[in-house]
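*Asks:*
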Amino acid sequence: MLGERLLQNGSISPDELQAALEDQRASGELFGDVLLRRRLVTEDELAAALAQETCVPFVAASGMTPDPTAVALVPEPFARRHLLVPLGFYEDALEVLQANPLDVAVIDDLQRVLGRPVQVVCATRSDVLQLIEAGYHGPVRSLEELGLSRRTLNVFHEALGAPSGLVLVAGPRGAGTTTTVHSALSHLGRRARNILTVDDMTVTGPDPDVIMVGEIGSAETAHLALREALAGALVVGTVRAPDAAGAVVRLLDLELEPDRVAEGLVAAIAQRLVRLICPGCRAPASEPAGALARVGLVPDPDVALYRGTGCERCEGSGYGGYLGVFEILVPDGAIRALVRERPDAARLREAAVAAGMATLLDDALSKALFGRITIEDVVGTADG
Ligand SMILES: [Zn+2]
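Residues 207 to 590, numbered by this note's numbering, are exactly what the sequence shown covers, in order.
1) Go ahead and pull the three-state DSSP assignment for residue 576.
2) Can you look up residue 278 in the DSSP assignment and give me helix, strand or coil?
3) Is residue 341 helix, strand or coil by DSSP?
4) Any heavy atom of ligand 1 inside 6 Å of the beta-carbon of residue 484?
5) Evaluate contact between the stretch 437 to 454 and the stretch 413 to 427, counting only Cβ atoms and requiring at least three cross-stretch pairs below 8 Å.
6) What does DSSP give as the partner residue(s) for residue 284 in the beta ladder?
7) Could you tell me if residue 389 is buried or exposed, where buried requires 16 or more neighbouring beta carbons within 10 angstroms of its beta carbon?
8) If distances are taken between C-alpha atoms only, which option among 245, 550, 241, 268 comes closest to residue 256?
9) Confirm, please, whether the CB-CB distance from residue 535 to residue 552 is below 7 Å.
10) Going by C-alpha to C-alpha distance, which of 343, 381, 261 sits closest to residue 480?
11) Look at the alpha carbon of residue 530 and the alpha carbon of residue 220, and state the distance between them as a whole number of angstroms.
12) Less than 8 Å between C-beta atoms, sequence neighbours within five positions excluded: which residues of the same chain meet that for residue 483?
13) Less than 6 Å separating the Cβ of residue 519 from some heavy atom of ligand 1?
14) List, from N- to C-terminal side, the beta strand (DSSP E) runs of 3 residues or more that fit wholly inside the stretch 410 to 471.
15) What distance in whole Å lies between the Cβ atoms of residue 303 and residue 329, which are believed to be in contact at a cut-off of 8 Å?
16) With 16 other CB atoms within 10 Å as the buried threshold, where does residue 550 fall?
17) So residue 353 is in the alpha helix (DSSP H); what residue range does that whole segment cover?
18) Below 8 Å, how does it come out for the stretch 318 to 328 and the stretch 285 to 301: are there three or more Cβ pairs, yes or no?
19) Starting from residue 324, trace the beta strand (DSSP E) in both directions and tell me its first and last residue.
20) Write down every uninterrupted run of the beta strand (DSSP E) in the stretch 545 to 577 whose length is 3 residues or greater and which is fully enclosed by it, in chain order.
21) Does the count of Cβ pairs from the stretch 461 to 477 and the stretch 489 to 501 closer than 8 Å reach three?
22) DSSP three-state label for residue 305, please.
23) Near residue 431, which residues of its chain fall below 7 Å by C-beta distance, leaving aside the five closest residues on each side in sequence?
24) For residue 207, count neighbouring C-beta atoms within 10 Å of its own C-beta (all shown protein chains included) and say buried if the count is 16 or more, exposed if not.
25) Assuming residue 272 contacts residue 294 under a Cβ cut-off of 8 Å, what Cβ separation, rounded to an integer in Å, is found between them?
26) Give the straight-line distance between the Cα atoms of residue 568 and residue 311, rounded to the nearest whole angstrom.
27) In whole angstroms, give me the CA-to-CA distance for residue 216 and residue 254.
28) Out of 540, 368, 354, state which residue places its alpha-carbon closest to the alpha-carbon of residue 438.
29) Terminal residues of the continuous beta strand (DSSP E) containing residue 505?
30) Taking its Cβ as the centre, do 16 or more other Cβ atoms sit within 10 Å of residue 231, making it buried, or is it exposed?
31) Secondary structure at residue 379, three-state DSSP: helix, strand or coil?
32) Classify residue 509 as buried or exposed, calling it buried when 16 or more other Cβ atoms lie within 10 Å of its own Cβ.
33) Which same chain residues, not among the five before or five after residue 336, have their C-beta less than 7 Å away from its C-beta?
34) DSSP state of residue 499, grouped into three classes?
35) Which whole-angstrom value describes the C-beta separation of residue 374 and residue 474, a residue pair presumed to lie in contact below a C-beta threshold of 8 Å?
36) Which residues in the same chain as residue 170 place their Cβ atom closer than 7 Å to its Cβ, once the five residues preceding and following it in sequence are excluded?
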């Protein structure tokens, strides 16, 4: 049980456990709430222990943006009452962030009502409440607000101006891909007559201009997306892949014909979310040569790198908010020819760089040189 796990972890002592259990019997609260009230554990420790206890992944969710189409499936009062928030979709399953994963019954109810599997990820209660606010009340951010460099933004706008074809948005989970897709759709909303999500496609009606497919995770979804892209719609979908080249290779792995991918692909954009340095306490920092070397830099007294020293505003963390780091692959003739040969990701990446693509690492480095992110987060981008 939870108390024993915290005891094993060394988070609480046997006496503290005993006192908390007696407190719980008297108050009737959830055990976790008793521990928090008595300040025996932090929210992070509690959520991590709950995640371990229930074998669900624990994530630091602050800064994530819930997928609005997922949020729309669960009424807000229900989300608040049960301390959960829909995050997005993983293949057929709805992914839900839950503060109390011991409450299995509520997930069973949700699966029954929605008629689809629900996958749980655990986070702290504060993160869940923050995401409830973001999910049910948050505005859609414009592409300009996401942190794309002017050059990447121009290339992305141009790609979204294509009358038809496939636009992929790639990144690992929590990289902000859903936010980018929604910003792209809101940008496209200015010109499109009809924007459909893939779930609407069984409904007969006028041909859609723009189709959002959510996550392209199965061969079935991939085929559908490419078919519509080649039939005249602009199709936007996310792919779980580390970078732009990896996203294209993922489509080939999902058994799409290379010729058709080469024909239909308009652009693949890849991203990461990195922590922004707190503007309240940003200061120049000398960085270890080892960290610099890992991202191809040498120490240079004329080049300032920064970090947050910690202040009241950032509660001592040195960070405030998140920033997207991006790369965008737009195939030219040579890259289309290469796609027809089923390249591996490394080869395709090389060709894209040769054609002028600024990589995730390039973008992260430039953001570090502008004093927006730390060198550690640049290294993190390089490590994938
Ligand atoms: Zn600060």
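All C-beta atoms, glycine included, are put in the ideal place defined by N, C-alpha and C. Because the structure is a prediction, the values reported are computed rather than measured.
*Replies:* The relevant details are as follows:
1) Sequence index remark: in the sequence shown, residue 576 carries index 370 (1-based). In this structure, residue 576 counts as coil in the three-state DSSP scheme.
2) Residue numbering aside, residue 278 sits at position 72 when the sequence shown is read from its first letter. DSSP places residue 278 in coil when its eight states are reduced to three.
3) Position 135 of the sequence shown, counting from 1, holds the residue named residue 341. Reduced to three states, the DSSP call for residue 341 is helix.
4) For the purposes of this step, residue 484 is identified with residue 278 of the sequence shown, where counting begins at 1. Residue 484: yes, Cβ under 6 Å from ligand 1.
5) Contact holds between the stretch 437 to 454 and the stretch 413 to 427, because three or more Cβ pairs, one in each stretch, are under 8 Å apart.
6) Residue mapping note: residue 284 aligns to position 78 of the sequence shown, counting from 1. Within the DSSP bridge table, the entry for residue 284 names no partner.
7) For this step, residue 389 is matched to residue 183 along the sequence shown. Label assigned to residue 389: buried.
8) Translated into positions along the sequence shown, residue 256 becomes position 50. Ranked by Cα distance from residue 256, the options 245, 550, 241, 268 are led by 241.
9) Your numbering for residue 552 matches position 346 in the sequence shown. Your numbering for residue 535 matches position 329 in the sequence shown. No; because the gap between Cβ atoms is not below 7 Å, this pair is not in contact.
10) For this step, residue 480 is matched to residue 274 along the sequence shown. Of the candidates 343, 381, 261, the one whose C-alpha sits nearest the C-alpha of residue 480 is 381.
11) Locating residue 530 in the sequence shown gives position 324, counting from the first residue. Locating residue 220 in the sequence shown gives position 14, counting from the first residue. About 45 Å.
12) In the sequence shown, residue 483 corresponds to position 277, counting from 1. Result list for residue 483: 512, 513, 514, 524, 525, 526, 577, 578, 579, 580, in chain order.
13) Within the sequence shown, numbered from 1, the residue matching residue 519 stands at position 313. The answer is yes for residue 519.
14) Runs found: 416 to 421, 440 to 445.
15) Reading the sequence shown from its first residue, position 123 is the one you call residue 329. Reading the sequence shown from its first residue, position 97 is the one you call residue 303. That pair is a contact at about 5 Å.
16) By one-based count along the sequence shown, residue 550 stands at place 344. Residue 550 should be labelled exposed.
17) The residue you call residue 353 lines up with position 147 of the sequence shown. Looking at the DSSP string, residue 353 is not in any alpha helix (DSSP H), and its letter there is neither H nor E.
18) Yes, they touch.
19) The residue given as residue 324 occupies position 118 in the sequence shown. According to the DSSP assignment, residue 324 belongs to the beta strand (DSSP E) that extends over 324 to 328.
20) Taking 3 residues as the minimum length, the stretch 545 to 577 contains no beta strand (DSSP E) run wholly inside it.
21) As far as the Cβ criterion goes, the stretch 461 to 477 does not touch the stretch 489 to 501, which means the pair count is below three.
22) As a first step, residue 305 must be located in the sequence shown, where it is residue number 99. The answer is coil: DSSP assigns residue 305 none of H, G, I, E or B.
23) The residue given as residue 431 occupies position 225 in the sequence shown. Apart from sequence neighbours up to five positions away, the residues of its chain that approach residue 431 with a beta-carbon distance below 7 Å are 372, 419, 422, 441, 443, ordered along the chain.
24) Taking the sequence shown and counting its residues from 1, one reaches residue 207 at position 1. That one is exposed.
25) Position 66 of the sequence shown holds residue 272. Position 88 of the sequence shown holds residue 294. About 7 Å separates the two Cβ atoms, so the contact holds.
26) As a position in the sequence shown, residue 568 is number 362, starting the count at 1. As a position in the sequence shown, residue 311 is number 105, starting the count at 1. Approximately 47 Å between the Cα atoms of the pair.
27) Counted from its first residue, the sequence shown places residue 216 at position 10. Counted from its first residue, the sequence shown places residue 254 at position 48. Here the C-alpha atom of residue 216 lies approximately 13 Å from the C-alpha atom of residue 254.
28) For the purposes of this step, residue 438 is taken as residue 232 along the sequence shown, with counting starting at 1. The residue with the shortest Cα to Cα distance from residue 438 is 368.
29) Here residue 505 refers to the residue found at position 299 when the sequence shown is read from its first residue. Bounds of any beta strand (DSSP E) do not take in residue 505, whose DSSP letter is neither H nor E.
30) Along the sequence shown, read from residue 1 onward, the residue named residue 231 stands at position 25. Classification for residue 231: exposed.
31) For the purposes of this step, residue 379 is identified with residue 173 of the sequence shown, where counting begins at 1. Secondary structure at residue 379: coil, using DSSP grouped into helix, strand and coil.
32) Position 303 of the sequence shown holds residue 509. Per the 10 Å Cβ criterion, exposed.
33) On the sequence shown, position 130 is the one that residue 336 refers to. For residue 336, the CB contacts under 7 Å within the same chain, skipping 5 residues up- and downstream, are 268 in chain order.
34) Working through the sequence shown from its first residue, we reach residue 499 at position 293. Looking at residue 499 - three-state DSSP - the assignment turns out to be helix.
35) On the sequence shown, residue 374 is found 168 positions in, with the first residue counted as 1. On the sequence shown, residue 474 is found 268 positions in, with the first residue counted as 1. Rounded, the Cβ-Cβ distance is 4 Å, consistent with contact.
36) There is no way to answer for residue 170, as the model of the chain reaches only from 207 to 590.
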